[in-house]
Structure formats: C-alpha cells, structure tokens
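Each remark here refers to the structure printed beneath this line.
In the numbering used here, the protein residues as written are 161 to 436.
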C-alpha cells in the first residue's frame, strides 16, 4: 500500500450504500484537500459499487460540480448505479462531510465506467507530448515558494516543472497561460487509472502564469481516462485559452512514460488578479 492507496481507502458499503474514508491535511492545499484526491476516492468507491451491481469498474469519464471545499476528517461517498450495459455503466456519486452534525455536500459527479482494456488499441489520431527538458533541468516542487512547497499535496508528489513555465514562481509570469512538466508520486508508486484523476488536478493553477494570486477553486471538472498508463514518470501540460470576469478554463493533458496520451480534462475555475 502506498500513501495514495491509503488516502483513497474506504470501508463499506454500509446499510445506506455509503463508503466512508478519512481525508488528511497530507493531501491538502491551504485549508482544503486536493480535489483530484477526492475524485479518485469517489471513483474507486463507485467502481466497487458498480461491480457489486454487475457493472464495470474503470472510470472512463468523470464530470463533477464542486459545491464546497473539503477538509481533513471523515468523508462519505454515496454511489448510485443508474444503468448497467454490456460495455459501459453509468453512475452518480455524492460526496459529503459531517460538519457540526450536518452532512455538507462537497461535490457530486456523473461517471461513465467501462473496461479500459476494451479500448487498448493504437489510436487513429492523437496528440504528441510536448517537448520538456530532462528531469535534472526542471524545477522541483521542493524549490517552490514556501506557500506552495509546504503544502501537504506537494510533499506527496514529485513534480518537476519546465523552467520556461515557472516565471510566476519568482514574480515574473510569462503571460502565456501554460505549465509543463513531469510528475510521479513521491513514494514512486506506479501510476494507474485512479491516480490519473489525481494527476489531472495536481499542477499549480495555470492562471498563476497570468499573474493570478491565491486560491483558484475548481467549480466544474470534466475528465477522461483514455488508457492505463505504463510505469514511470507522467508528462503533464496544462493551459488556458480564455480568462475573463474572474473565471477561467484549464485544459490538462497527461501522457505516460511511453508518450501515450492517457488522460485529459477541462475545468472551470475562479481566479483572483491584483488590481491594476
């Protein structure tokens, strides 16, 4: 068991169909727990519930609305299997946390589940990974400003960012709205379909490269797992092509160590910028 597996472990289902886990500050950014970890935890619980209902286990798509930031403590994921077909299953999951005796909803999502092995064939069309300098030439998250490097999440991950995309860390954002780099779990656990959901939400907010400051919460997230990744480092690129009114879209693409595209996402987030 790795730190990641421990973090997404749950018990259940209980009599209400809920899976119960525990979130910790070790996967936090500021006061909140990383949304990617929460997505992985809920996807694992939903896959188990789907299999118990005769359905499929692998998350193919995940579309969620984040209603409130999660915090360290108990968490409940309640999957509902909506349909089980021959090649795909559809489910909803609602994630809550108890606050002062009341269940507060953190997010809810719709998932399409299937068998990733069914789609294991050479792509007809794909996107090649970006050119990223070798690991030794990239900036480690350990060298990030203390406000970031001391977060629990970045101590669980080994992130190496392309030097061309880290000007924001020293007060000189490029204005291009793009981050690139390498990623693996700090304990060198091999990536899998569940950890790809974490990878899609693991990089610093892309709007930092446009001068944004502070927390950039996710409002809506849609992600796709395209294949099981090969062992080794993941290559990640995030970018934004529209920022207005304090809202931005962030697109993320993940490739495995063989250069195969294994996951994609788009999220809507909120950002703060210094007054001009």
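Built from N, CA and C at the ideal position, the CB exists for glycine as well.
Based on Cα-Cα distance, which residue from 236, 336, 395, 252 lies nearest to residue 262? As a working mapping, residue 262 is identified with position 102 in the chain shown. For residue 262, the nearest C-alpha among the options comes from 236.
Residue 380: first and last residue of the uninterrupted alpha helix (DSSP H) it sits in: Locating residue 380 in the chain shown gives position 220, counting from the first residue. That residue, residue 380, is in no alpha helix (DSSP H); its beta strand (DSSP E) goes 378-385.
Environment of residue 289 [buried if 16+ CB atoms lie within 10 Å]: Here residue 289 is taken as the residue at index 129 of the chain shown, counted from 1. So residue 289 counts as buried.
Drop a sphere of 10 angstroms on the beta-carbon of residue 368, count the other beta-carbons inside from all chains shown, and report buried for 16 or more, exposed for fewer. Numbered from 1 along the chain shown, position 208 holds the residue referred to as residue 368. Under the 10 Å beta carbon count, residue 368 is surrounded by 16 or more other beta carbons and is classified as buried.
In its own chain, which residues sit with a C-beta less than 7 Å from the C-beta of residue 428, not counting the 5 before and 5 after it? On the chain shown, residue 428 is found 268 positions in, with the first residue counted as 1. Excluding residues within five positions, the ones whose Cβ falls inside 7 Å are 379, 380, 407, 409.
Whose C-beta lies closer than 8 Å to the C-beta of residue 226 among residues of the same chain, with five residues either side of it excluded? Counted from its first residue, the chain shown places residue 226 at position 66. Beyond the five residues adjoining it in sequence on each side, residue 226 comes within less than 8 Å, by CB distance, of 195, 266, 267, 377, 378, 379, 380, 381 in the same chain, given in chain order.
For residue 164, the first and last residue of its enclosing alpha helix (DSSP H): Residue mapping note: residue 164 aligns to position 4 of the chain shown, counting from 1. Residue 164 -> alpha helix (DSSP H) spans 163-167.
Enumerate in chain order the residues of its own chain whose CB-to-CB distance from residue 280 is below 7 Å, with the five nearest sequence positions on each side excluded. Within the chain shown, the letter at position 120 stands for residue 280. 387.
Look at the Cβ atom of residue 346, then the Cβ atom of residue 320, and state whether they are nearer than 7 Å. To locate residue 346, count along the chain shown from 1; it is residue 186. To locate residue 320, count along the chain shown from 1; it is residue 160. When the beta-carbon positions are compared, residue 346 and residue 320 stay at least 7 Å from each other.
Closest to residue 191 by CA distance: which of 169, 228, 177, 303 is it? As a working mapping, residue 191 is identified with position 31 in the chain shown. Cα-wise, what sits closest to residue 191 is 228.
Looking only at C-alpha atoms, which of 421, 311, 324 sits nearest to residue 294? Here residue 294 is taken as the residue at index 134 of the chain shown, counted from 1. Of the candidates 421, 311, 324, 324 places its Cα closest to the Cα of residue 294.
Applying the 10 Å Cβ sphere with the 16-neighbour rule, what's the burial state of residue 164? Translated into the one-based positions of the chain shown, residue 164 becomes position 4. Buried: at least 16 other Cβ atoms inside 10 Å.
Taking residue 181 as part of the beta strand (DSSP E), name the residues at either end of that continuous run. Residue mapping note: residue 181 aligns to position 21 of the chain shown, counting from 1. Note, residue 181: beta strand (DSSP E), 179-183.
Which of helix, strand or coil does DSSP assign to residue 424? The residue you call residue 424 lines up with position 264 of the chain shown. Strand.
What do you get for residue 348, buried or exposed, if any count of 16 or more other CB atoms within 10 angstroms of its CB means buried? Position 188 of the chain shown holds residue 348. Counting Cβ neighbours within 10 Å, residue 348 comes out exposed, since fewer than 16 surround it.
Enumerate in chain order the residues of its own chain whose CB-to-CB distance from residue 200 is below 6 Å, with the five nearest sequence positions on each side excluded. As a first step, residue 200 is located in the chain shown; it is residue number 40 there, counting from the start. For residue 200, same chain residues with a beta-carbon under 6 Å away, outside a window of 5 residues either side, are 168, 354, 357, 358 in chain order.
Going residue by residue through the region 250-324, where are the continuous alpha helix (DSSP H) segments of at least 4 residues, counting only ones entirely within it? Correct list: 306-309, 312-316.
Neighbourhood of residue 233 by C-beta, 8 Å cutoff - its chain only, sequence neighbours within 5 removed: Taking the chain shown and counting its residues from 1, one reaches residue 233 at position 73. The beta carbon of residue 233 sits closer than 8 Å to the beta carbons of 182, 183, 257, 258 from its chain, once the five residues preceding and following it are set aside; these are given in chain order.
Please report how far the alpha carbon of residue 422 lies from the alpha carbon of residue 365, in whole angstroms. The residue given as residue 422 occupies position 262 in the chain shown. The residue given as residue 365 occupies position 205 in the chain shown. Answer to the nearest angstrom: the Cα atoms are 21 Å apart.
Around the C-beta of residue 242, are 16 or more other C-beta atoms found within 10 angstroms, so that it is buried, or is it exposed? Residue mapping note: residue 242 aligns to position 82 of the chain shown, counting from 1. Around the beta-carbon of residue 242, fewer than 16 other beta-carbon atoms lie within 10 Å, marking it exposed.
Should residue 247 be labelled buried (16 or more other beta-carbon atoms within 10 Å of its own) or exposed? To locate residue 247, count along the chain shown from 1; it is residue 87. Classification of residue 247: exposed, given that the 10 Å Cβ count is below 16.
Using C-beta distances below 6 Å, list every residue in its chain close to residue 340, excluding the 5 sequence neighbours before and after it, in chain order. The residue given as residue 340 occupies position 180 in the chain shown. Cβ neighbours of residue 340 beyond the five flanking positions: 290, 292, 322, 325, 397.
Leaving aside the five residues before and after residue 430 along the sequence, list all residues of the same chain whose C-beta is less than 7 Å from its C-beta, in chain order. If you number the chain shown from 1, residue 430 lands on position 270. So the qualifying residues of the chain are 376, 377, 379, 406, 407.
Backbone secondary structure at residue 224 - three-state DSSP: For the purposes of this step, residue 224 is identified with residue 64 of the chain shown, where counting begins at 1. In the structure shown, residue 224 sits in a strand (DSSP, three-state: E or B).
Does DSSP put residue 360 in a helix, in a strand, or in coil? Position 200 of the chain shown holds residue 360. Three-state result, residue 360: coil.
In the DSSP output, which residue or residues are listed as bridge partners for residue 406? The residue given as residue 406 occupies position 246 in the chain shown. Partner residues in a beta bridge of residue 406, as assigned by DSSP, do not exist.
Which same chain residues end up closer than 8 Å to residue 198 when comparing Cβ atoms and leaving out the 5 residues on each side of it in sequence? If you number the chain shown from 1, residue 198 lands on position 38. 183, 230, 235, 255, 266, 267, listed in sequence order.
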